[in-house]
Amino acid sequence: MKKLCLFFLLITATTSGQNKLDKLLDRWNTRNVPYISVETLALPTTNAILLDARAAKEFKVSHLKDAMRVGYAHFNTKETVAKLPKDKDTKIVVYCSIGIRSETVAHKLIKEGYTNVYNLYGGIFEWKNANFKVVDTLGTETEKVHTFNKNWSKWLTKGEKVY
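Heads up, the sequence shown is in this note's numbering, so the first residue is 151 and it goes up one at a time.
Written out as structure tokens, the structure is:
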């Protein structure tokens, strides 16, 4: 049964790669950080440190449970590395709204020697679109997701848009 579930997850991940989101990410990203799908991240066996590369106001609306906000505009590599495990093979997943800002932050961690760093494909938008939970600053589940602005909000198809 597990093999069958993994097979369908792989099919979903590869077929969803041929959509408008993939084209958008290709336009903005260099793919210098490997992607991890929301489905893979949601698996119980995927044990990773979650880093949120969004602004504080976005994080306050909602974020992935147990995520640590590191920001983007004021991202500080030294401060972030000081909070991470010393083991450079630790699995780290960086996300933002859709996966653009997070690639930049994730690449900085790779340049610091971290070897198991991923960019969440589609970011918190795809996470919520796949019906996975997000929480507010109190750790309470919420439907709200900060969509940065009206233009970017079109990529969030589930949940309540806040901008």
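Yeah, the Cβ is synthetic: ideal placement off N, Cα and C, and Gly gets one too. Predicted model, so just to flag it, every value in this text is computed and none were measured.
(message) In the DSSP assignment, the beta strand (DSSP E) including residue 201 goes from what residue to what residue?
(response) Here the beta strand (DSSP E) through residue 201 covers 199-202.
(message) Once the 5 residues before and after residue 241 are set aside, which same chain residues still bring their CB inside 6 angstroms of it?
(response) Closer than 6 angstroms at the Cβ level, and outside the excluded window around residue 241, lie 198, 266.
(message) Tell me which residues share the same chain as residue 276 and place their Cβ nearer than 7 angstroms to its Cβ, disregarding the 5 neighbours each side in the sequence.
(response) Within the same chain, residue 276 has close Cβ partners 188.
(message) Considering only the alpha carbon of each residue, which of 212, 205, 210 lies closest to residue 220?
(response) Considering only alpha carbons, the answer is 205.
(request) With a cut-off of 8 angstroms on the beta carbons, I'd call residue 289 and residue 248 a contact; round off their distance for me. (result) Cβ atoms of residue 289 and residue 248 stay farther apart than 8 angstroms, at about 24 angstroms.
(message) Checking 9 angstroms against the spacing of the C-beta atoms, do residue 308 and residue 281 come in under that value?
(response) Against a cut-off of 9 angstroms, the Cβ pair of residue 281 and residue 308 comes out as a contact.
(message) Measuring only the C-alpha atoms, how far is residue 214 from residue 235?
(response) In a straight line, the C-alpha of residue 214 is about 20 angstroms away from that of residue 235.
(message) Are the CB atoms of residue 218 and residue 239 within a distance shorter than 9 angstroms?
(response) No; because the gap between Cβ atoms is not below 9 angstroms, this pair is not in contact.
(message) At the level of alpha carbons, what is the spacing between residue 258 and residue 271?
(response) If I take the Cα positions, the gap works out to 17 angstroms.
(request) Just confirm the distance between the C-beta atoms of residue 306 and residue 297, as a whole number of angstroms; I'd bet it's less than 8 angstroms. (result) Their Cβ separation, rounded to whole angstroms, is 5 angstroms, which keeps residue 306 and residue 297 in contact under 8 angstroms.
(request) Mark residue 207 as exposed unless 16 or more other C-beta atoms lie within 10 angstroms of its C-beta, in which case mark it buried. (result) Flag for residue 207 reads exposed.
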